[in-house]
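Below: the structure, in C-alpha cells.
Protein chains: 2
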Amino acid sequence: MIFGGGGFIGSAIVDRLLLDGHELTIFERPRVEPYRKFLDTEPVKWLTGDLLSTHDVGDAIDGMDIVIHLVSSTLPKSSNDDPIYDVQSNLVGSLQMLNVMVAKKIRKIIFISSGGTVYGRPEYLPIDERHPTAPQVSYGITKLAIEKYLLLFEQMHGIKTTILRVANPFGERQRIETAQGAVSAFLHRALSGQPIEIWGDGTATRDYIYISDVADAFARTVTYEGPQSVFNISSGAGTSLNELVSLLEEILGHTIECRYLSGRSFDVQVSILSNTLAQQEMGWMPKVPLREGIENVVKWMIKTRGK
Amino acid sequence: MIFGGGGFIGSAIVDRLLLDGHELTIFERPRVEPYRKFLDTEPVKWLTGDLLSTHDVGDAIDGMDIVIHLVSSTLPKSSNDDPIYDVQSNLVGSLQMLNVMVAKKIRKIIFISSGGTVYGRPEYLPIDERHPTAPQVSYGITKLAIEKYLLLFEQMHGIKTTILRVANPFGERQRIETAQGAVSAFLHRALSGQPIEIWGDGTATRDYIYISDVADAFARTVTYEGPQSVFNISSGAGTSLNELVSLLEEILGHTIECRYLSGRSFDVQVSILSNTLAQQEMGWMPKVPLREGIENVVKWMIKTRGK
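Residue numbers (our numbering), protein chains in the order written: chain X, 8 to 314; chain Y, 8 to 314.
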C-alpha cells in the first residue's frame, strides 16, 4: 500500500517493487493521472481518495500488510507561509492515518522524511542520524513531529516503523517547482534557453541522490527487520550549485547563463548526509553517479518535451 | 502577559514578577477562580477567554511587551490517549498565538517546556540541553514541536524566544492529579491516611524542583538577553520514589503504606537534568532543598485542608 504512489518518488518505488514481485495498491488524490499504463498482468490497484478522510484511508488499507507513506501537502520553501496548514494537513493527517492503521492492524509502516530539512544548520559533516535536529522550515518541523509519533505508535501499538530521511532526490518525472529539484529546475531552464536563477552566491552545497537509488532503499526497507528505525538516504557527497551548473554545461555542451539572487535566510549553506548506517544495516549503497543520473534526466526531458 | 497565569506554576511566577516590579496581565480560561485577591495597588489585570480564539488572544496581548506561555491542555500521562487533540489544542493553538504575536509585534516570548518528557530515555546523565530528543509521550512531542516553531518564528520574525525545560516541579497549589506531582499526590494521600500507589518498583528516579526556584528562573528569563534559547530548569539531582517516600515519612514522623502497581511502558526510569547552562547564562541556581520544599507543602496542605 503506497500513499502518494503516483508522484516522482512514488512512481519509481512502485516500478521497483513490481520488479521485486510485490502486489501493490496505490492511493492518490482524485484527478492525479497515472504516470504510466499498468498491464493487466501487473498486480497494481490504483485507488483515489482524500487522505484526510479516515473513511477513504480505512477502505484503502483494509487487509494490507505494509504501508509506505510518501504524502506531503507542502513544499519546504513555501511551508513557512502557512505553518498551521502544514500541521493540519501533514501532521494531523498522518495521525489520522496512524489511528486507522492501528485499527486495521497494519504490520509495518515506511515513511519518507526530509534529510534536507530536519537537521537544520550542520554542526558537523557529513550529518549522521544522531546529529541534532533543528529544522529551519515548517516542512522539517512537521516531518520531525511525524517521525516522533511513528516511533511512539511503534512502541504503543507494535507497528514496526522505518523512516528514510532522503537527501535531495533527483531524476525523471521530478516536478520542476519543488525546492529540492535544482537538477530538474536548472535543466528545464537550460534546455529551453532561459537563464538559471540561483539564490545566494552558488556555493550552497547539497547532497543529490538519484531516484533509482532512492527506490532501491525503499525496496530494502520493505524486507528490513533489523533494530534501526531512522536512516539517511543520500549520496554522501556534496555538490555546490556552481559545481552543478558546471556539470550541466559539460553534459549539455554549452554555457548556461546564471542570475544570482540574494540568499534566503532559511537556506542551510551545506547539507551532506552520511549514509553509513543504511550501508551497514540494509546493505544499501548509491549506485548511480550524479553525472549519469543527470544524463538520464536530460534524455527523459528531451524525449518528453512538448508532450 | 502571562497565558495560564492562574495555575500552579503561573501563580508562583505572577507573585514573583510582582515583587520584581513588573506590570502583569493574566489570561485564563473563564471560570478559573483567581488563586488570591489582588490589591488595588498591585498592577495585575485578570482577563478570561479562549486561547484557541485569535480574537480573544489578540485583544489580550495588544500593547504587551513580553508573553509568557504556560498553557497546556493535556497531561503527560493521558496525552497518548488522543494525540490528535494534543496536536490541535496545544500545537495548533500555540501557532495561532504566534501568528497573533507577530501581528501585534510582541518583542519576546518565554515558553514552558517539559524537561521530563522531551528527552525520552537518557543516553547519559545528567541530561543536558544537547541530549537527543526522543519523547515517549505525545505531550513531549507537541512540546518539542512548539519549541521548534518558536525558534523558527524567532528567525523569521525576530521574536526573541526563551524555552525553559522544567524538570518535575513541586510546591504549594500543585494539583494532585498531574503526572509530575508525586510529591503532592503522595502527601495528599499520606495526610489523609490513604496508602500511596507507586507504578513500578519505586526505583523510578526524578528531578524535583521547588516552585519558587522555577519562578526565579522565569524572572531571570524576562531580563535575559544572551544568545541561548533553551534551558533545563532542574535541581540537578535525582530522587527515587522510594527515597521520596522515606523522606516524607521522616518529615511526617510516621510510616506510610505503599502499594506497588505494574510499571507503565512509557515511563522513563531515570530523569535527571543538568542545570549548568542556566547557571552559567542566567546566574540561576536552585535554592530550596527538597526537604525544605516538602515541609512548605505540608504546612500549606494542613492549612488549606477542608477549605
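Backbone N, C-alpha and C define an ideal beta-carbon position, used for all residues, glycine too.
Look at the Cβ atom of residue i, then the Cβ atom of residue j, and state whether they are nearer than 8 Å.
i                 : j                 : result
Leu-248 (chain Y) : Ile-216 (chain Y) : no
Gly-270 (chain X) : Gly-207 (chain X) : yes
Ile-113 (chain X) : Leu-77 (chain X)  : no
Pro-133 (chain X) : Ile-16 (chain X)  : no
Gly-165 (chain X) : Val-107 (chain X) : no
Thr-149 (chain Y) : Val-237 (chain Y) : no
Val-252 (chain X) : Ile-240 (chain X) : no
Val-39 (chain Y)  : Phe-45 (chain Y)  : no
Met-8 (chain Y)   : Met-71 (chain Y)  : yes
Ile-116 (chain Y) : Val-74 (chain Y)  : yes
Glu-30 (chain Y)  : Thr-55 (chain Y)  : no
Pro-234 (chain Y) : Tyr-156 (chain X) : no
Leu-159 (chain Y) : Gly-100 (chain Y) : no
Pro-41 (chain X)  : Gly-13 (chain X)  : yes
Val-305 (chain X) : Ile-258 (chain X) : yes
Gly-123 (chain Y) : Ala-197 (chain Y) : no
Ile-203 (chain X) : Arg-266 (chain X) : yes
Thr-212 (chain Y) : Val-125 (chain Y) : no
Asp-27 (chain Y)  : Ala-226 (chain Y) : yes
Please state the DSSP three-state secondary structure of residue i.
i                 : result
Asn-249 (chain X) : helix
Arg-172 (chain Y) : strand
Glu-288 (chain X) : helix
His-29 (chain Y)  : coil
Thr-311 (chain X) : helix
Ile-301 (chain X) : helix
Asp-35 (chain X)  : Note that residue 35 (chain X) is Glu in the sequence shown, not Asp. Strand at Glu-35 (chain X).
Leu-268 (chain X) : strand
Arg-227 (chain X) : helix
Leu-54 (chain X)  : strand
Tyr-42 (chain Y)  : coil
Ile-73 (chain X)  : strand
Val-295 (chain X) : coil
Ile-279 (chain Y) : coil
Asn-87 (chain X)  : coil
Glu-256 (chain X) : helix
Ile-113 (chain Y) : coil
Ile-263 (chain X) : coil
How would you list, in chain order, the residues of chain X whose beta-carbon sits under 9 Å from the beta-carbon of residue i?
i                 : result
Arg-137 (chain Y) : Pro-139
Leu-284 (chain Y) : Simply none; closest approach about 15 Å.
Leu-132 (chain Y) : Chain X residues near Leu-132 (chain Y): none, gap ~18 Å exceeds 9 Å.
Less than 8 Å between CB atoms is the rule here; does residue i satisfy it with respect to chain Y?
i                 : result
Asn-303 (chain X) : no
Ala-211 (chain X) : no
Leu-59 (chain X)  : no
Leu-98 (chain X)  : yes
Val-64 (chain X)  : no
Ala-152 (chain X) : yes
Any beta-carbon of chain X closer than 8 Å to the one on residue i?
i                 : result
Lys-84 (chain Y)  : no
Pro-142 (chain Y) : yes
Val-6 (chain Y)   : Residue 6 (chain Y) lies beyond the residue range present for chain Y, which begins at 8 and ends at 314; the question has no answer from this structure.
Ser-145 (chain Y) : yes
Tyr-156 (chain Y) : yes
Gln-95 (chain Y)  : yes
Ile-148 (chain Y) : yes
For residue i, which residues in chain X fall below 8 Å Cβ to Cβ?
i                 : result
Asn-87 (chain Y)  : Leu-159 and Met-163
Gln-235 (chain Y) : In chain order: nothing, as chain X lies at least about 13 Å away.
Ser-80 (chain Y)  : Result: empty, since nearest Cβ-Cβ is about 15 Å, beyond 8 Å.
Ile-91 (chain Y)  : Val-99, Leu-102, Gln-103 and Asn-106
Lys-52 (chain Y)  : Simply none; closest approach about 28 Å.
What residues of chain X sit near residue i, judged by a beta carbon separation below 7 Å?
i                 : result
Pro-296 (chain Y) : The premise fails here: Pro-296 (chain Y) is roughly 33 Å from chain X at the closest Cβ pair, so nothing lies under 7 Å.
Could you work out which residues of chain Y lie near residue i, taking near to mean beta carbons separated by less than 7 Å?
i                 : result
Ala-110 (chain X) : In chain order: nothing, as chain Y lies at least about 14 Å away.
- Item | Segments assigned alpha helix (DSSP H), at least 4 residues, entirely inside the segment 116-196 of chain Y | 145-164
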